[in-house]
Amino acid sequence: MYRTAHRRAPVPVSGRGFTLPEVLVSLTIIAILAAIAAPSFNRIIATQRSKSIAADLITVLTRTRSEAIKRNTDVTLQPVSDGQWQFGWAVLNPAAGGAKLESHDAIVNATVLGPSSIVFHANGRLRGNTAPSFDISALGSTDHRCVLVDLSGRPYQQTGAC
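In terms of the working numbering, the sequence shown has 198 at position 139, counting the first letter as 1, and numbering is strictly consecutive.
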């Protein structure tokens, strides 16, 4: 008994991929969806930028307070440019005639409004009787962050303008 081999029909060339119109329609749909989603992503990025700046400020305020307690002397945190916190800030070394213990670079696409400087005493408390606050807003978002320092020297943040 002989077996006969079954031959398969050849696959047509046109069935192996996508046609140009199919690819163009797919790309058009993707482009429309991306255009719809882009503004949402910009708002998310701006909100995250303001959260990040607030976290940086809380960190440097905590470090400045810690340095004042560790060195048993007053330590100052101030903006690099007079009253312009978005251009960066520095923690000044009281023992070295104003040399910087730490500094932060300028902030891009955001505004930070705050006091002219903050001085922590050796006991960790603030100089003065007014609690300082920083109002942070990023371009492209209506979100504001407020970083506050209570008179005992502890920083915290809240959502919204100060």
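Heads up, the beta-carbon is just placed ideally off N, CA and C, and yes, glycines get one too.
For clarity, every value in this text was computed on a predicted model and none was experimentally measured.
Per DSSP, the continuous alpha helix (DSSP H) segment holding Ala94 begins and ends at Leu79 to Arg130. In chain order, Ala127, Pro153, Val178, Phe179, His180, Ala181 and Arg186 place their CB closer than 8 Å to the CB of Asp133, counting only its own chain and leaving out the 5 sequence neighbours on each side. Ranked by how close their Cα comes to the Cα of Pro191, the residues Gly142, Phe77, Ala94 and Ile88 have Gly142 in first place. Shown here, Pro153 sits in a helix according to DSSP, grouped into three states. Under the three-pair Cβ rule at 8 Å, the stretch 86 to 102 does not count as touching the stretch 135 to 150. For Arg184, there is no enclosing beta strand (DSSP E), as DSSP gives it neither H nor E. Take the alpha-carbon of Ser175 and the one of Phe193: they are about 11 Å apart. Between the alpha carbons of Ile89 and Ser211 lies a gap of roughly 54 Å. At least 9 Å separates the beta-carbon of Glu161 from that of Val208. Across the structure, Phe146 and Ala94 are spaced so that their CA atoms are roughly 33 Å apart. Bounds of the beta strand (DSSP E) holding Ser196 are Ser192 to Ala197. Straight-line spacing of the CA atoms in Arg124 and Thr87 works out to 56 Å. Residue pairing by DSSP places Val134 opposite Phe179 in a beta bridge. The bridge partners DSSP lists for Leu172 are Asp194.
Under the three-state reduction of DSSP output, Arg75 falls in the coil class, being neither helix nor strand. Rounded to whole angstroms, Gln107 and Arg75 show a C-alpha spacing of 45 Å.
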